[in-house]
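Asks: Take this structure, written in structure tokens, and hold onto it; I'll ask about it next.
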Amino acid sequence: MHDIVGPYAGVVKSLYKCAPFRQDLPNLPVDQLPYYHGRVRYELAAQRLCCNGDFLIYAEGDEEPSLVLLVRHQFSKCVQIEINYNQNHHFWIYPLDEEYGYSTVDALIRNHINLSTTFKLDKCAFARLEHAVTSPEFLGSVRCEGKADPTELRYFHEIAAQDAEEILCNSGDFILKRGEKDAERIDLMVRWDDEVKTLHGLAKTGSYVYPLFKASPNVPVEHVYSLDDYLKSCVLCQHPINGVLLKKPILHATINRPGVEDTGQPDECDGTLNMHELNQIAVQQATTSGGLIHSLLNYCAPRPVSSLPYFHGCLSEEEAQTLLHNDGDFLLFIDKNDGKLYVVLHKNREMVADWHYREVRMNNYNRAVSIRDKDQELGYMTVDELVAYYQTYAVSIQGGAQWTTTNAANEEVLQYPVTNCTSQKDIILELNTFRYNLSYYHGSLSDQQLSDLLVKEGDYLVRGRDYEEDLLCVKWNGQIHKLPLPKSGYDGKYALPHNDPTLPEEHSTTLDGLLKTYVLCQIPYKGVVLRRALELVNVKILNIKLRIKSRATNTRSSVRILKTGRDDSLKFLCSFTETLVH
């Protein structure tokens, strides 16, 4: 399963890993696929395939482009396979595919990958879809450039504000430019819906430290060394900045995109290395690049703690233990008792289960994150990088331990992160195809009930009223938005959104499938973003709480007229009612 961006990337990857053939997850539009390379020449696309089984999709043609699957076979040749679609807009490669009715390219390609379909390319050449090659545009949106000064970034433009509107075409496209009033300030310009918004004074020229997104007061504040790291982290995790999501930086048209080169450091260690040598390697990586080249993260921007797939929020030690089953499993959590961040590792020794807890500490002076005291020398300012260091070099979380290739299995080494799948209900498709049977369809709600229900950013529901049009109600940027629902076609299907309207149409058979596609891909709908559906059961819980609160208020008023200690049973009832309210 290919990687995507956004808060549901880890969940989707984990779900497909457990059940590759599952059909209860929404499909991605073709231009949202990381291995879709846009409109490029065949020669350029072929250069991006290096190994046998590599494949990608690109568009060929101008007005009505056709989609082409490019595969490299065992004789090191690249072969074009046309992706066809019939009058029902069902996509197919082989005529047999039409029987399955693939309404998206994503579903078609994923099925051929899971089935390990062998494509006969000519008389003696065969190929399978083994490795999807990510497009440079997708990588450029999440990989860091390694420069601290914002004016040296490839998406920094010396242009006027009115000229910037011409190069920002799609929602989420963004650039950096100098401030209109203060040249020392850096403005962020981003297209959102049908307008270009400017965030003034986002940074200053020069080198500064920027705090990452913090979803909860319990998690530590993490920092990065550059504005580029901060913005790319927002793209990778789809964190909003003043109500807008960043999708793609627009680079200079005259600058060629250089390939990211390796730093020359080994990914695996041979022989025996002590902790001092391992620390020296990591320190050298950090110091030579100024902490701006995240080689352990595949050169991508670091994610804050709350966006790590293996962060499970607030748990007790017993709850954390129940989530770890295999030797080497680990996760991050906030302890309910002391409110501190811990990493817990599960080890099996001679059929005896053991759990190792280590606090993840933050140095308030130099902002360094550490598990052991020696980690201060590394200078990592994010938990994401520190955990990647522990995984890459198989470092034991026990202080003073040494790592070797022979005894790594016996050490307390972080091996297999356990993904937090509690958010999977936000993207799992519902079986009900009729709109009025959806779990988040609400027959009648007042505006006050809407504000009580839609609390977090991205909360949404469908509200229906008698003799009125159904509305999609979403909380975004601190406001409740009431929007018309997407319209279906004459066949009852819903068209998936495309940035390029000339691409072949893809469809969802249900409204729920369309909305969940918006959620999974974090595609803005009329200037808002959907994240969590509020089910009908939430209204019932809210009404129960309001009734209990009202009765508790009346009970307190009645208790005031009684003398203290006159009726123990009444005092107990009052105390019990207050407990229910809380």
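Position 43 of the sequence shown, counted from 1, bears residue number 43 in the UniProt record's numbering, the numbering being contiguous throughout.
Just so it is clear, CB atoms sit at the ideal spot from N, CA and C, and this is done for glycine as well.
(1) If you draw a straight line from the C-alpha of G379 to the C-alpha of E222, how long is it?
(2) Quick check for students: name the residue ranges of the alpha helix (DSSP H) that lie wholly in the UniProt domain "SH2" (310-418), counting only runs of 4 or more.
(3) Helix or strand or just coil, what does DSSP make of S66?
(4) At the level of alpha carbons, what is the spacing between D194 and I523?
(5) How many angstroms separate the CA atom of N114 from the CA atom of I334?
(6) Need the endpoints of the beta strand (DSSP E) that D187 sits in, please.
(7) Could you name the residues of the same chain whose beta carbon sits closer than 6 Å to that of G6, not counting the 5 residues immediately before and after it, in chain order?
(8) Compute the Euclidean distance between the alpha carbons of L33 and N337, then round it to the nearest angstrom.
(9) Which first and last residues belong to the alpha helix (DSSP H) in which E82 is found?
(10) Taking only three categories from DSSP, how would you classify Y42?
(11) My output table needs one value for Y460: the three-state DSSP class, helix, strand or coil.
(12) Going along the chain, which residues of its own chain have a beta-carbon closer than 6 Å to the beta-carbon of T104, five neighbours each way excluded?
(13) Hey, could you find the ends of the alpha helix (DSSP H) F138 is sitting in?
(14) Does the region 411-425 come within contact of the region 313-330, defined as at least 3 CB pairs closer than 8 Å?
(15) Suppose contacts are defined by Cβ-Cβ distances below 8 Å. Is P249 in contact with I175 by that definition?
(16) Is the number of C-beta pairs between the region 43-57 and the region 128-137 that are closer than 8 Å three or more?
(17) Taking only the alpha-carbon atoms, compute the straight-line gap between L278 and N363 and give it to the nearest angstrom.
(18) Bridge partners for V224 per DSSP, in chain order?
(19) Output needed for I397: all residues of its chain with C-beta closer than 8 Å, excluding positions within five of it in sequence on either side, in chain order.
(20) Hey, out of V11, N348, V305 and Q424, whose CA is closest to V369's CA?
(21) In the DSSP assignment, what are the bridge partners of L176?
(22) When you compare each of G101, L332 and C78 to Q87 by their alpha carbons, which one comes out closest?
(23) Within the continuous beta strand (DSSP E) that includes H58, where are the two ends?
(24) Bridge partners for I480 per DSSP, in chain order?
(25) Taking 6 Å as the limit between beta carbons, can you name the residues of its chain near K232, skipping five residues before and five after?
Replies: On the basis of the data shown:
(1) 12 Å
(2) 317-322 and 383-392
(3) strand
(4) 14 Å
(5) 37 Å
(6) R185 to W192
(7) If we look at G6 and ignore the five residues flanking it on each side, its Cβ neighbours are Q238 and Q522.
(8) 42 Å
(9) Where E82 is concerned, there is no enclosing alpha helix (DSSP H), although the beta strand (DSSP E) it sits in stretches over C78 to Y85.
(10) The answer is helix: DSSP assigns Y42 an H, G or I state.
(11) strand
(12) N27 and E506
(13) P136 to V142 is the extent of the alpha helix (DSSP H) around F138.
(14) Touching, per the Cβ criterion.
(15) yes
(16) With contact defined as three or more Cβ pairs closer than 8 Å, the region 43-57 and the region 128-137 are in contact.
(17) Only weak support is given to the placement of L278: the predicted model assigns it a pLDDT of 47, under 50, and the value that follows is read from those uncertain coordinates. Rounded to the nearest angstrom, the two C-alpha atoms are 21 Å apart.
(18) Partner(s): Y210.
(19) V343, L345, H356, R358, I371, R372, Y390, E412, V413 and L414
(20) V305
(21) Partner residues in the beta bridge of L176, as assigned by DSSP, are F156 and L188.
(22) Q87 has its Cα closest to that of G101, out of G101, L332 and C78.
(23) Looking at the sequence itself, residue 58 is Tyr, so the reference to His does not match. Start and end: D54 to E60.
(24) K475
(25) V142, C144 and A301
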